[in-house]
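Asks:
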Amino acid sequence: MKQINYLIKCVLIAIIFIAVNANSSAQEQKKTDEIKIKTSAVCSMCKERIEKALAFEKGVKDVTLDVKTKICTIKYKPAKTNPENLRLSITKLGYDADDKQADPKAYEKLPACCKKGNAAH
Numbered sequence: 533m534k535q536i537n538y539l540i541k542c543v544l545i546a547i548i549f550i551a552v553n554a555n556s557s558a559q560e561q562k563k564t565d566e567i568k569i570k571t572s573a574v575c576s577m578c579k580e581r582i583e584k585a586l587a588f589e590k591g592v593k594d595v596t597l598d599v600k601t602k603i604c605t606i607k608y609k610p611a612k613t614n615p616e617n618l619r620l621s622i623t624k625l626g627y628d629a630d631d632k633q634a635d636p637k638a639y640e641k642l643p644a645c646c647k648k649g650n651a652a653h
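For the sequence shown, this note's numbering assigns the number 533 to the initial residue and increments by one for each residue that follows.
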């Protein structure tokens, strides 16, 4: 009888341990942050280019660019990336990102309609 009680206690402890670990792992995976970055995007082509490229960045969960406000909202995992890397990714596409200027070579490769100063179309 003592062996059965000991076995039951061991099984219960194991189940509790597994449940606690599974819960904490699930909470860690759900942790995301959100950042809003002001860009120099001017049209739907810019929107498509930025959203598509950032979707492939490590740690990025969701990207939405509002062309009217030029604000790019990015949900990301802070364990995988950070705001500086996200801004840098946007500049490498040829667009300004907050106070960071667009990479000159990437900017030159943008279509004429996507250059700074053009009106939204």
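Quick reminder that beta carbons are idealized off the backbone N, C-alpha and C, glycines included. All figures in this text were calculated on a predicted structure; none of them were measured in a lab.
For Thr571, count the other beta carbons within 10 Å of its own beta carbon; 16 or more makes it buried, fewer makes it exposed. Which is it?
Replies: On the sequence shown, residue 571 is found 39 positions in, with the first residue counted as 1. Result: buried.
Asks: So the candidates are Gly649, Asp565, Ala644, Tyr627; which of them puts its Cα closest to the Cα of Glu583?
Replies: Translated into positions along the sequence shown, residue 583 becomes position 51. Closest by alpha carbon: Tyr627.
Asks: Let me know if Ser621 comes out buried or exposed under the rule of 16 or more other beta-carbons within 10 Å of its beta-carbon.
Replies: Looking up residue 621 in the sequence shown gives position 89. The residue is buried, with at least 16 neighbouring Cβ atoms inside 10 Å.
Asks: Are Glu566 and Lys602 close, meaning C-beta to C-beta below 8 Å?
Replies: The residue labelled residue 566 in the question sits at position 34 within the sequence shown. The residue labelled residue 602 in the question sits at position 70 within the sequence shown. Going by C-beta atoms, Glu566 is not nearer than 8 Å to Lys602.
Asks: Threshold first: 4 residues or longer. Then list the alpha helix (DSSP H) segments lying entirely within the segment 547-627, N to C.
Replies: For the segment 547-627, whole alpha helix (DSSP H) runs of length 4 or above, ordered along the chain, are 576-587, 615-624.
Asks: Which one or two residues does DSSP pair with Ala638 in a beta bridge?
Replies: Reading the sequence shown from its first residue, position 106 is the one you call residue 638. Partner(s): none; Ala638 has no beta bridge.
Asks: Which one or two residues does DSSP pair with Lys632 in a beta bridge?
Replies: Sequence index remark: in the sequence shown, residue 632 carries index 100 (1-based). Beta-bridge pairing links Lys632 to Ala629.
Asks: Under 8 Å by Cβ, that's how I've got Leu618 and Ile569 pegged, so tell me the actual separation to the nearest angstrom.
Replies: Counting from one through the sequence shown, the residue named residue 618 turns up at place 86. Counting from one through the sequence shown, the residue named residue 569 turns up at place 37. So it is a contact: roughly 7 Å between Cβ atoms.
Asks: Under the rule that 16 or more other beta-carbon atoms within 10 Å means buried, what is Ala644, buried or exposed?
Replies: Position 112 of the sequence shown holds residue 644. Classification of Ala644: exposed, given that the 10 Å Cβ count is below 16.
Asks: Have a look at Gly591 and Ala611 and give me their C-alpha separation to the nearest angstrom.
Replies: Locating residue 591 in the sequence shown gives position 59, counting from the first residue. Locating residue 611 in the sequence shown gives position 79, counting from the first residue. Cα to Cα, Gly591 sits roughly 8 Å from Ala611.
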